[in-house]
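Residue numbers (my numbering), protein chains in the order written: chain B, 3 to 662; chain S, 284 to 477.
This is the structure we're talking about:
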């Protein structure tokens, strides 16, 4: 026979104003197995908690119901309080009579009746609660960072500087990500490469950071503290142990290919470093374009290499290692505007319609034009430039509904850079709203206007070629007039969208994606770098569009979370997890398919049934991986799967208390 | 420039705007005034209010000015605006709804457009097809522009674009049923005066 104590909270006037608390106390006293009921002005306060502890001693309570705010608010507080008593912390039920009652109702009578219902349900459920216990899991103090852009590099450096080993996986041949492609960074206009490449070098030489380029995460198993990660490294065809990075091979390679790093505006070789300051500062062979690999001819690099480092027969490598925590920093890509905007020329647009990232390469001193702004079509200097913002952003019809956050600033930067390099040029910026929150941001925008950039408030409706010019039609809604600009060059400031890998990686790691496939943080305000998957953290633009300062701040925050995790030798596991009744399980595997955390597996067990030894396939829950979501319990047809603390019987007790 | 006393918007104005947007299936709050519609409109030069401004005036409650505007009557419903609108606002339907509302209020700012529409629809209703010569003749008589396009007639006749016989569909009763059903679904709307 259980001895239940019920404690009703006024929460000042939060509950007390809409719920007649003394009446709820009266009603609670009449419930089965309730031996004590009382109210409190603020149950979560120290005196409130003390009164519960006293009541437990005085009335020999063995489980308690607290009717107060949402369990998300104070369940942990009260569990900690029960740790100081002889009651198991899981013999606690919270009846949410604030968020789900007093805050959403105005009528005292109805609110009181509902509060009584909620308390009755909680009391019925707690009668069937059982003590639950946590276990400890060891923490493997090695971190994996996925993505070698500025976010991944910052996170890796912070963790490594704190003393923990880090593996950084980058799918491109060099670290640097998008930031190293940029020419200058707003609003201070410091050279992007000048602040990014020292970080790359630091990561490359750090004794506790292992960098793997041309590599991707192929498989993730395990759980917080104990992830088993399979990393696949594409063949580089160059032995990095022998290569000195002298660059002779690259200079003599006869094959020229469009450069991805220069956004299609320049050329590179088949054996190449993407850019001069690449880290590692050693070349890789692009197997798809190498003549030796494809046709068996050439082999110039092999003949010339002074250290004999070329390996045409190099193969991809796979390795599986254990990590305690994973930081996802896979960044973003730009929306493919040509498929969406036929009115801007679409797939057959003029080569003089370029993206912002292409403009960065065009204006960069080590870019394809050595920093001279030239039209891609004929190499002439554009005398008028139109910058179009919000291409693909704030456009739910064709692109994305969200604002990409950084474009207003880099759009202003592009206008400033153009007018700086072409003082007699004209620059027009089409915008929807100018959004410049940030230190020194609005001042920068105002200065761009003083530089001579003409801001036109409206969206460009059409871009077409006429007489070697690009005619842009738009409305300046401030003048209330349609306007036409004949431009030599058009720069589209296109929306940031998630990297191609985001969806695959998200499902592999059990990280949810939002409607636009950005990886979701656990709480938008209070847990911005954590995910719903324990031990997996987010850094940078994979979580949503942001600029460099925010990216770096978030990366350091994620690194800090990893360090907190690594500061412990063992972790306490979640007690409220699923468990399967071997006797009822029929091995159908529905739970395996539905589990978002890969926590359930099928395994063979041999056991005595009706005095005969039988071997059957049944499901097994990994307590480290299970997050207690309960999806498997719903999918389980024979009813073998139950969530501890939310068993089918407990839920039915609640339903009966309400309905019967 | 114009002066709008926003406090003078009456509940009747708001009801009229609500009906216009309901008929068009448009939510005015979706529009953030980017002007992509106006910039792409092939007829914006002929409009006293740009499509964007029609929406803006309705957002501000200035329905009477919109009902007097020529813009919805000049609109050719080519749908370029709707196709390009980032917020997917059905602007051409909105223009038609404004026309209906104007007619309900006894206004037709572009008289010829109204006459042409009525005659065109009446012709299609009767024959199932548009007969250019008949339409032109009736339009000229009704509008008072007696000799408009008359010089084009011989050239069109020569190319077989107009002729003495009337184009008709076989099942004209079906056509009438079709019109009847369309009118019933718009709940006895007398909009275009069909």
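In this text, a Cβ means the ideal position worked out from N, Cα and C, and glycines have one as well.
Can the beta-carbon of residue i be found closer than 8 Å to that of residue j?
{"i": "residue 26 of chain B", "j": "residue 69 of chain B", "result": "yes"}
{"i": "residue 282 of chain B", "j": "residue 213 of chain B", "result": "yes"}
{"i": "residue 227 of chain B", "j": "residue 537 of chain B", "result": "yes"}
{"i": "residue 264 of chain B", "j": "residue 369 of chain B", "result": "yes"}
{"i": "residue 429 of chain B", "j": "residue 414 of chain B", "result": "no"}
{"i": "residue 580 of chain B", "j": "residue 630 of chain B", "result": "yes"}
{"i": "residue 389 of chain B", "j": "residue 541 of chain B", "result": "no"}
{"i": "residue 288 of chain B", "j": "residue 278 of chain B", "result": "no"}
List, in order along the chain, the chain B residues whose C-beta lies closer than 7 Å to that of residue i?
{"i": "residue 316 of chain S", "result": "479"}
{"i": "residue 355 of chain S", "result": "Within 7 Å Cβ-Cβ: nothing; residue 355 of chain S doesn't reach chain B, min ~18 Å."}
{"i": "residue 335 of chain S", "result": "477, 479"}
Give the range of the alpha helix (DSSP H) segment to which residue i is assigned.
{"i": "residue 347 of chain S", "result": "346–350"}
{"i": "residue 296 of chain B", "result": "293–297"}
{"i": "residue 204 of chain B", "result": "194–207"}
{"i": "residue 305 of chain B", "result": "302–306"}
{"i": "residue 629 of chain B", "result": "Taken as a continuous stretch (DSSP letters only), residue 629 of chain B belongs to no alpha helix (DSSP H), as it is neither H nor E."}
{"i": "residue 297 of chain S", "result": "294–307"}
{"i": "residue 386 of chain S", "result": "374–387"}
Determine whether the Cβ of residue i lies closer than 8 Å to any Cβ atom of chain B.
{"i": "residue 368 of chain S", "result": "yes"}
{"i": "residue 323 of chain S", "result": "yes"}
{"i": "residue 294 of chain S", "result": "no"}
{"i": "residue 475 of chain S", "result": "Confidence in residue 475 of chain S is poor, its pLDDT being 47 and thus under 50, which makes the residue's placement unreliable; the coordinate value appears in the next sentence. Not an interface residue."}
{"i": "residue 319 of chain S", "result": "yes"}
{"i": "residue 342 of chain S", "result": "no"}
{"i": "residue 299 of chain S", "result": "no"}
{"i": "residue 287 of chain S", "result": "no"}
{"i": "residue 291 of chain S", "result": "no"}
{"i": "residue 463 of chain S", "result": "no"}
Taking 8 Å as the threshold (beta carbon to beta carbon), is residue i in contact with chain S?
{"i": "residue 385 of chain B", "result": "no"}
{"i": "residue 498 of chain B", "result": "no"}
{"i": "residue 484 of chain B", "result": "yes"}
{"i": "residue 400 of chain B", "result": "yes"}
{"i": "residue 47 of chain B", "result": "no"}
{"i": "residue 338 of chain B", "result": "no"}
{"i": "residue 397 of chain B", "result": "yes"}
{"i": "residue 654 of chain B", "result": "no"}
{"i": "residue 434 of chain B", "result": "yes"}
{"i": "residue 650 of chain B", "result": "no"}
Can you tell me where the beta strand (DSSP E) with residue i in it begins and where it stops?
{"i": "residue 90 of chain B", "result": "Segment: none, residue 90 of chain B is in no beta strand (DSSP E) and carries neither H nor E."}
{"i": "residue 432 of chain B", "result": "428–433"}
{"i": "residue 11 of chain B", "result": "6–11"}
{"i": "residue 235 of chain B", "result": "228–235"}
{"i": "residue 644 of chain B", "result": "643–645"}
{"i": "residue 156 of chain B", "result": "Not the beta strand (DSSP E): residue 156 of chain B falls in the alpha helix (DSSP H), residues 152–163."}
{"i": "residue 69 of chain B", "result": "65–70"}
Using a cut-off of 7 Å between C-beta atoms, extract the partners of residue i located in chain S.
{"i": "residue 463 of chain B", "result": "319, 322, 323, 367"}
Chain D beta carbons: is any one of them nearer than 8 Å to that of residue i?
{"i": "residue 327 of chain S", "result": "The displayed structure is made up of protein chains B and S, and chain D is not among them."}
What does residue i touch in chain S if you count any residue whose Cβ is under 9 Å from its own?
{"i": "residue 460 of chain B", "result": "316, 317, 318, 319, 321, 322, 335"}
List, in chain order, every chain B residue whose beta-carbon is nearer than 8 Å to that of residue i.
{"i": "residue 371 of chain S", "result": "398, 399"}
Name, please, each residue of chain S whose Cβ falls closer than 8 Å to the Cβ of residue i.
{"i": "residue 345 of chain B", "result": "323, 367"}
(request) Could I get the ranges of all uninterrupted alpha helix (DSSP H) runs contained in the region 408–463 of chain S, with 4 residues as the minimum, in chain order? (result) 415–426, 435–441
(request) Report the residue ranges of all beta strand (DSSP E) runs contained in full by the region 469–538 of chain B; include only those spanning at least 3 residues, in chain order. (result) 471–478, 483–489, 491–496, 498–500
(message) Quick check on the DSSP output: what are the complete alpha helix (DSSP H) runs of length 4 or more inside the region 94–139 of chain B, in order along the chain?
(response) 110–128
(request) Quick one: which unbroken alpha helix (DSSP H) runs of 4-plus residues sit fully inside the region 347–424 of chain B? Chain order, please. (result) 358–365, 409–423
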